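Inspection log for the structure reproduced underneath, given as structure tokens.
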Amino acid sequence: MMFDARERSGAALALGAVCLIGGSVAAATHLHGYPLIGGQAVRYGLATVFLLVWARIRKHTFIRPSPAQMAWVFLLAATGMAGYGVVLVYATSMTSPGNVGVALGAAPLIIVLVQSLLAQVRPSRSLMAGALAVACGSAVAQLSTGGTVQWSAQGFAWSCLALTGVCAVTLLGAPATKALGSLSAITYACALASGMLFLTAVITGSVTGTPVLRRPSGAELSALAFLALGVTTVVFLMWYGAVERLGTGRTGLFNGLIPLASLLALSVTGTATASLNQIAGAALVLIGVAFGLRVRKRDTPPPRAAAAEHVTGARPHS
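Following this note's numbering, the numbering of the sequence shown begins with 413 at its first residue and continues without gaps.
Structure, rendered in structure tokens:
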């Protein structure tokens, strides 16, 4: 099936975002000794500065959000930004990264089901089949080292919270960016996330005695800058550009490529090597993405869009 230029650009944006997220694995290894919550606050604070500079270059006029629109932005900042970064670290400390990866691989399927439930429509068979293939392929790739899924109660709970954060980026970000525009919504959300994280770091530090921040080394500063500019500023702009072109369901399929992009980044840096099973899992993910992208119509049907307009204050796209 041929795709039009808008769909091709959307797929390219989503793929580019996934590759940058995969590259964040190598950068994050330089921050293992840096204060976690305070470091995340710096990351989103720097991202806010980068976004404001970009807005000035673009001569962008920020839209003043209504209370309902600000609620979407607040939820996005709390779950998909501030919450997700911290939860992911705790999840990988409670169980193996492979187990967490299996949970995150279910994100495309969850996004399709939740989006269809909210729109009160039956999900497309092609989209469901593609999302299921992506989830299975991601699980095969993550568990190809011979391990099994063995979660403790805490590990399972933290993995589910991490999965919630991944889904929130698409499901909560879509109405916020539709109402305010990508640049305005992301800037507001990054600023809120930075404030939330800094306040949390201060409270946590006062209780545990851990430092909120410390002077970073050169490698740590470079890693923070890359995470702020590449993995936050650029990735969010690319991702929501893809959502605008492909819709939430089809864009969500690309979440299944994130663990594979991370593996590729580790392979390139010599930190890990890809096994035959991982390659097979990657192939299944790619097949699932390609199959799901065959859905040509937008996920959210026009008759139901009026409800979203009432909540977000945004007029639906035709």
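Glycine residues also receive a C-beta, built at the ideal position from the N, C-alpha and C atoms.
In this text, all values refer to a predicted model and were calculated from it rather than measured experimentally.
What does the alpha-carbon distance come out to for the pair residue i and residue j?
{"i": "alanine 483", "j": "leucine 688", "result": "45 Å"}
{"i": "alanine 586", "j": "alanine 423", "result": "16 Å"}
{"i": "threonine 507", "j": "leucine 500", "result": "11 Å"}
{"i": "cysteine 579", "j": "lysine 471", "result": "31 Å"}
{"i": "glycine 517", "j": "alanine 640", "result": "24 Å"}
{"i": "lysine 709", "j": "serine 564", "result": "Because the pLDDT at lysine 709 is just 49, under 50, the model does not fix this residue reliably, and the value given afterwards should be weighed accordingly. Near 41 Å, if we compare the C-alpha coordinates of serine 564 and lysine 709."}
{"i": "alanine 503", "j": "methionine 493", "result": "15 Å"}
{"i": "serine 571", "j": "alanine 453", "result": "22 Å"}
{"i": "threonine 645", "j": "leucine 592", "result": "17 Å"}
{"i": "proline 628", "j": "phenylalanine 666", "result": "33 Å"}
{"i": "glycine 659", "j": "valine 581", "result": "13 Å"}
{"i": "leucine 611", "j": "glycine 513", "result": "29 Å"}
{"i": "arginine 468", "j": "alanine 417", "result": "29 Å"}
{"i": "glutamate 419", "j": "glycine 621", "result": "51 Å"}
{"i": "glutamine 690", "j": "asparagine 511", "result": "14 Å"}
{"i": "glycine 700", "j": "alanine 545", "result": "5 Å"}
{"i": "phenylalanine 474", "j": "valine 526", "result": "30 Å"}
{"i": "leucine 573", "j": "glycine 495", "result": "9 Å"}
{"i": "glycine 630", "j": "leucine 458", "result": "16 Å"}
{"i": "alanine 519", "j": "alanine 569", "result": "15 Å"}
{"i": "glutamine 566", "j": "glycine 497", "result": "17 Å"}
{"i": "isoleucine 615", "j": "arginine 476", "result": "30 Å"}
{"i": "leucine 742", "j": "serine 436", "result": "The shown model of the chain, from 413 to 730, leaves out residue 742, and the question about it has no answer."}
Just to confirm my understanding: we take residue i, look at its own chain, exclude 5 residues before and 5 after, and list those with CB closer than 7 Å. What are they?
{"i": "leucine 672", "result": "Ala553, Ala694 and Val697"}
{"i": "glycine 451", "result": "Leu443 and Leu636"}
{"i": "valine 524", "result": "Pro535, Leu539, Met540, Ala543, Gly661 and Gly664"}
{"i": "cysteine 548", "result": "Leu696"}
{"i": "leucine 464", "result": "Thr599"}
{"i": "alanine 439", "result": "Ala635, Phe638 and Leu639"}
{"i": "threonine 576", "result": "Thr491"}
{"i": "serine 421", "result": "Arg657"}
{"i": "leucine 488", "result": "Ala580, Leu584, Gly585, Ala588 and Ala601"}
{"i": "alanine 515", "result": "Ser571, Cys572, Ala574 and Leu575"}
Grab the span of the alpha helix (DSSP H) containing residue i for me, first residue to last.
{"i": "threonine 623", "result": "The residue asked about is misnamed: residue 623 is proline in this sequence, not threonine. Run containing proline 623: none; DSSP gives neither H nor E here."}
{"i": "lysine 590", "result": "585-592"}
{"i": "threonine 460", "result": "448-469"}
{"i": "proline 479", "result": "479-487"}
{"i": "leucine 636", "result": "630-640"}
{"i": "methionine 650", "result": "647-658"}
{"i": "valine 701", "result": "688-704"}
Leaving out the 5 sequence neighbours to the left and right, which residues in its chain are closer than 6 Å to residue i when beta-carbon positions are compared?
{"i": "tyrosine 600", "result": "Val485"}
{"i": "glycine 617", "result": "Val624"}
{"i": "serine 528", "result": "Pro535"}
{"i": "glycine 642", "result": "Leu432"}
{"i": "tyrosine 456", "result": "Cys602, Ala605 and Ser606"}
{"i": "arginine 537", "result": "none"}
{"i": "isoleucine 670", "result": "Val430 and Ile433"}
{"i": "methionine 608", "result": "Ala494"}
Tell me which residues share the same chain as residue i and place their Cβ nearer than 8 Å to its Cβ, disregarding the 5 neighbours each side in the sequence.
{"i": "proline 589", "result": "It is threonine, not proline, that sits at residue 589 in the sequence shown. Contacts found: Ala597, Ile598, Tyr652, Val655 and Glu656."}
{"i": "valine 647", "result": "Ala429, Leu432 and Ile433"}
{"i": "phenylalanine 415", "result": "Ala423 and Leu705"}
{"i": "leucine 425", "result": "Met650, Trp651, Gly653, Ala654 and Arg657"}
{"i": "alanine 613", "result": "Pro447, Ile449, Gly450, Ala453, Val624 and Leu625"}
{"i": "serine 594", "result": "Phe648, Leu649, Tyr652, Gly653 and Glu656"}
Return yes when the C-beta of residue i is under 7 Å from any heavy atom of the ligand FMN, and no when it is not.
{"i": "phenylalanine 568", "result": "The ligand FMN is not part of the structure shown, which contains no ligands of any sort."}
Distance cutoff 8 Å, beta carbons only. Does residue i sit that close to anything in chain D?
{"i": "alanine 673", "result": "No chain D is present in this structure, which holds just one protein chain."}
Inset, instruction - Tell me the start and end of each unbroken alpha helix (DSSP H) in the region 503-535 that is at least 4 residues and wholly inside, in chain order. - result: 509-517 and 519-531
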